[in-house]
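What follows is one structure encoded as structure tokens, with my remarks underneath.
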Amino acid sequence: FRGRMALDLRLSQVRTGVAWEEVSIMDEKNIPIRTYQVCNVMEPSQSNWLRTDWIPRSGAQRIYVEIKFTLRDCNSLPGVTGTCKETFNLYYYESNNDREHYIRESNFLKIDTVAADESFTQVDIGDRIMKLNTEVRNVKVTTRKGFYLAFQDVGACIALISVRVFYKTCPLSIRNLATFPDTNTGADTSSLVEVRGSCVNQSEEREEPKMYCGADGEWLVPIGGCVCNPGYEEKGGACQALLTSADISKCCTETQPKTPNKPPSAPQQLISEVNETSVVLEWSAPLRLGGRTDIRYKAGSLGDVLFSPQQSGLGATRVCVSELQAHTRYTFTIGARNGVSQGHTARARESVSVTLTTNQAAPSPVTSIQASDVTRHDVSLAWQQPDRANGVILEYEVKYYEKNQKERSYRIMKTASRSADITGLNPLTVYVFHVRARTAAGYGEFSAPFEFSTNSDPLPLIGNAANSTLLLLSISGGVVLLLISTTVFIISHRRGQYSKAKQDLEEEKHLNPGVRIYVDPFTYEDPDQAVHEFAKEIDASNIHIEKVIGIGEFGEVCSGCLRLQGKREIYVAIKSLKAGYTDKQRRDFLSEASIMGQFDHPNIIRLEGVVTRCKPVMIITEYMENGSLNTFLRKHDGQFTVIQLVGMLRGIVSGMKYLSDMSYVHRDLAARNILVNSNLVCKVSDFGLSRVLEDESEAAYTTQIPIRWTAPEAIAYRKFTPASDTWSYGVVMWEVMSYGERPYWDMSNQDVIKAIDEGYRLPPPMDCPVCLHQLMLDCWQRDRIHRPSFTQILNILDKLIRNPTTTLRRTGGERPVPTLLEPVGGPEFVSVWSVEYWLQAIGMDMYRDTLTAAGYTSPDSLLTLTQQDMASIGIVTPSHQDQILASVQQVLLSHMQQIEEQMQDSMVPV
């Protein structure tokens, strides 16, 4: 293991229990080995322990245990009836000394239950086939000087072949002329250990040198560094003198002037990396520097191209070249110069060249858009072909929107010609148009905005008075139809049901023109085209990385500053793509930026831009000071009021409503994917799971999906909808109200799936208001069409926030004291006018505070209760609404009959 320190544990050190035996066997190469075996499979309730000697911790904070073992298949053992097991348990116990000869079994802490991937049978024994299993487990050990390991057999037929205990370190390293010592990794699997480096000899700090030791034993992202002192130059990670002591002595005694230095030789090892119509050139320093350190480089090429950061005076050995023609052959030269180089052009012996051909690329932006035949509702557009088509133009795409709406709501039209007739516009309205072209390489960038206004001339009535009358009748008929449809919509809305028809209606509105809809970046043939359409390219020189704050799926996550010309400096988070990435990893990494770049909402993480034209590839987002919501809540357990927690939930659902309105399904909504800034504003982040779930195979899918947060239909059928996001939001509510507790605690994923299928739901967290837990239960309805939409959840939370003293005061732990009254007509009917006891009798007492806060405190007030009223105050489950209304009707009918009977009894016959 490179960069790791390991400790081999001899099995001869292991202390045996009653049933374990030390046995010599032959391995697959017929070499004798010593093992510990146990095979008491015929007797029930086995608990056989095997313990190691004391193992010193040696400064490790997390240790790894590698176990090699063989295990017998229980089905191959005759006469075993349920007593045989195929697992064993691994435990540990921390101690400051090795004198604890007897340790109670109850004092050991469990690491894990270990199962075999391969088990052997009687046939394997005959054929001398050893099916060896290797399992690695890890555990944090930070409280004592050492520890013991223990193995518990619970009725298996097993042989321990070897046990190896080790821990990981980041090895001694020199980066940026700073030395970083051997460093043990952190206690947690995701922790980073910050290490300060010390400058090598004959150097001094330029910026404080720091590196971070990752949990896998690898160093991450060097920050800062040192520079060599005057008279010394960097070579091989050290500072070496430019002149020897003999040279210095000779120089001091000579009276004649020194021979001038020479120009440098040509740069070495020029390599290129082509990316469509841009190229990155990298080279090594000249073999001979000419006795000077002021080396500068100049890049040269024929044609109008753009060099970044500049063409000449380069101090670094790297330059990016862009704005090249597609499918074109180019020759680039890199020249080296110093203070004694003559002229302005590098001589041939001072330069090196490379010849390459650019790739296929998308066309350049369209120019020269013109409008004609403008009416109240229509316009004809025409434009010129892009200056650089870079191939055959397959089609054009026209994007247009009302100027006062900006790009929040736009329409798209496609055409194969260089013109388009746009219809259905509003009169006297300024519109903005953008046009782009597409080739086989994908879409080019949109053109600059082109604006024009529709006119106000009314269309004349054509024909005689009869035609005019017919037109008026048609308009009147349309108004009547509009009123009828509006009335039908209002009536259906009053029912307050989360019906399938309503969800389909809400989803259908996103398909209508004029509403901005999320665009899947994976529909683009060229992923770079998608990211450049939705994200702004940032020059890497404008980014200053300060420190590493975490490790992401694709690389390190850092914090730093973004300095853009004409704007104030802002603090940002920087995700970088680690070296050695594949094309698919780059595509998946940038897809998150293509998704984020389409969103603009105060409760969605904001994308600042991307770096794709130089390495490393980076995604730049706003910096959230308080990190992820689940970690933040755990650090501040019990420190917030209910109103503050509901405010956080309100921000999350506001962001989710925005995403849902754009027809985007998050699929991984959880507190760990919510970020919190210094003002406690919560923002939805992490948009990378959607594509993973669609790309991965069925086997990988079951390991990727976040079971504890995912709706049942999404687990079983991959049916992801806004309703499945609603289920996840209910779990987020539970996480917030429990201050970051793990949903379903230590239950396994399979146990969670089974429990939910059997109707189990998470109980209310401590001090959670009843109305909030009821909203969670509504989000966890088995039938997705019965779950509330994010719009409805937002309205409910707004009502709770406006009236917190009555709606949020009672917690789930409080219950009304029952009154001993006899029911009439069955258990769901009450013979007295008691709203409180009536709710308790029908099993709806969770709505007592909700109804009381809304003014339903007497039976008379229930006469006006409708489904719409219940939905508006927070009773949104259709089955609960039906049960309450049916019970109200039965109670009212029962009391009317009693009153009628009393009136008849009191009547005096005439």
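Letter 197 of the sequence shown, counting from 1, is numbered 197 in UniProt numbering, and no numbers are missing. Beta carbons are placed, not taken as given, at the ideal position from N, Cα and C, and that holds for glycine.
Cβ shell of residue i (< 6 angstroms), same chain only, five flanking positions each side left out
i	result
residue 911	For residue 911 there is no data in the structure shown, the boundaries of the chain being 1 and 910.
P267	W283, P286, I334, A336 and V352
N138	R62 and Y64
K536	G609
Residue i versus residue j: straight-line alpha-carbon distance, rounded
i	j	result
A285	A299	14 angstroms
R438	V432	20 angstroms
T83	D117	20 angstroms
A723	K567	41 angstroms
residue 917	I785	Residue 917 lies beyond the residue range present for the chain, which begins at 1 and ends at 910; the question has no answer from this structure.
K406	K399	12 angstroms
N603	V653	9 angstroms
S353	H377	58 angstroms
V227	Y401	55 angstroms
F166	G552	25 angstroms
I369	R388	16 angstroms
E741	L270	55 angstroms
I517	L629	28 angstroms
T293	D539	28 angstroms
N455	Y410	20 angstroms
H773	N749	23 angstroms
N338	E233	15 angstroms
Buried versus exposed call for residue i [16 or more other C-beta atoms within 10 Å across all chains shown]
i	result
H327	exposed
K414	exposed
I793	buried
D767	exposed
residue 948	Because the chain in this structure spans residues 1 to 910, residue 948 falls outside the shown range and cannot be described.
I707	buried
K403	exposed
K168	buried
A716	exposed
I570	exposed
W780	buried
W745	exposed
A420	buried
Simplified DSSP state of residue i, which is helix, strand or coil
i	result
G442	strand
S119	coil
E105	helix
residue 952	Limits of the chain in this structure are 1 at one end and 910 at the other, which puts residue 952 out of reach.
Q867	helix
C170	strand
R613	coil
K180	Checking the sequence, you will find Phe at residue 180 rather than Lys. Three-state DSSP puts F180 in a strand.
T35	strand
D520	coil
residue 919	Shown here, the chain extends from 1 to 910; a query on residue 919 therefore has no answer.
A371	strand
D153	strand
N550	In the sequence as displayed, the identity of residue 550 is Gly instead of Asn. Reduced to three states, the DSSP call for G550 is strand.
C779	helix
residue 914	Beyond the ends of the chain as shown, which are 1 and 910, falls residue 914; an answer cannot be given.
K683	strand
A382	strand
A19	coil
S541	helix
I875	coil
G315	coil
Same chain, Cβ closer than 8 angstroms to residue i, neighbours up to 5 away in sequence not counted
i	result
I801	I643, V646, G647 and R650
Beta-carbon proximity list for residue i, same chain, < 7 angstroms, skipping 5 on both sides
i	result
F108	Y91, Y92, Y93 and A150
T429	E402, S453 and T454
Residue i: CB within 7 angstroms of a non-hydrogen atom of the ligand COA
i	result
A716	Because no ligand of any kind appears in the structure shown, any question about the ligand COA cannot be addressed here.
Test: residue i CB closer than 8 angstroms to a CB of chain B
i	result
V136	Of the protein chains in the structure, only one exists, and it is not chain B.
>> Contact between the stretch 540-548 and the stretch 440-453 is defined here as three or more beta-carbon pairs at a separation below 8 angstroms; is this criterion met?
In response: Flag = no, the stretch 540-548 and the stretch 440-453 do not touch.
> Does the stretch 665-679 come close enough to the stretch 613-625 to have 3 or more Cβ pairs within less than 8 angstroms?
Replying inline: The stretch 665-679 is in contact with the stretch 613-625.
> Is it true that the stretch 175-185 meets the stretch 129-139, where meeting means three or more beta-carbon pairs spaced less than 8 angstroms apart?
Replying inline: Put simply, the stretch 175-185 does not touch the stretch 129-139. Fewer than three CB pairs are less than 8 angstroms apart.
> How about the stretch 46-57 and the stretch 136-154: do they share at least three Cβ pairs that are nearer than 8 angstroms?
Replying inline: Contact holds between the stretch 46-57 and the stretch 136-154, because three or more Cβ pairs, one in each stretch, are under 8 angstroms apart.
>> Assess contact between the stretch 201-210 and the stretch 229-245, defined as three or more Cβ pairs (one per stretch) separated by less than 8 angstroms. Is contact present?
In response: With a cut-off of 8 angstroms, the stretch 229-245 and the stretch 201-210 count as touching, because enough Cβ pairs lie within range.
> Taking one C-beta from the stretch 70-80 and one from the stretch 39-50 each time, how about it: are there three or more such pairs within less than 8 angstroms?
Replying inline: With the rule of 3 Cβ pairs closer than 8 angstroms, the stretch 70-80 counts as touching the stretch 39-50.
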